[in-house]
C-alpha cells in the first residue's frame, strides 16, 4: 500500500493574492475556491502538484520547514529569477557556490530557483 501526493498546502494571510503570484510563476490554470465545513475559504491551483492556499490568522515565523524548488522550462536561471522578482518575489540569497537562488514569495515563503533541466 502507498499514498500519493494530492496537494502542497500553504498557510497564508491572503490566499487569493498568493495564488495569483504562484499561478503567474508556474503557468497554472485559474484558481478555484471552495469552503470547508466551517465556512473557511481556500484557493486552489490545480496542477502537478496542486497548490492549496489556506488562510491562517498568524503571520509566518521562522524558516520554512518545507519549500518548493522550481526551474525554468527553458532559458536561463537568472532570466527566470528576474521574471519572478517582477511578479513580486524577493531574492534572499544568490551565492556562486550554490546552483540555486533562494527567493521569497510575496508572503515571505522561501523557494529555490534552479537551472533549467
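Residue numbers (full-length UniProt numbering): 1 to 117. For glycine and all other residues, C-beta sits at the position ideal for the given N, C-alpha and C.
Annotation: residue 83 is outside any beta strand (DSSP E); the continuous alpha helix (DSSP H) that includes it extends over 77-87. CA-to-CA, the gap between residue 56 and residue 93 works out to about 27 Å. Judged by DSSP secondary structure, residue 16 falls within the alpha helix (DSSP H) whose first and last residues are 15-26.
Sequence-distant Cβ neighbours of residue 67 in its own chain, meaning closer than 8 Å and more than five residues away, are 109, 110, 111 and 112. Burial state of residue 3 is exposed, judged by a 10 Å Cβ sphere holding fewer than 16 other Cβ atoms. With fewer than 16 other CB atoms across the displayed protein chains lying within 10 angstroms of its CB, residue 116 is exposed.
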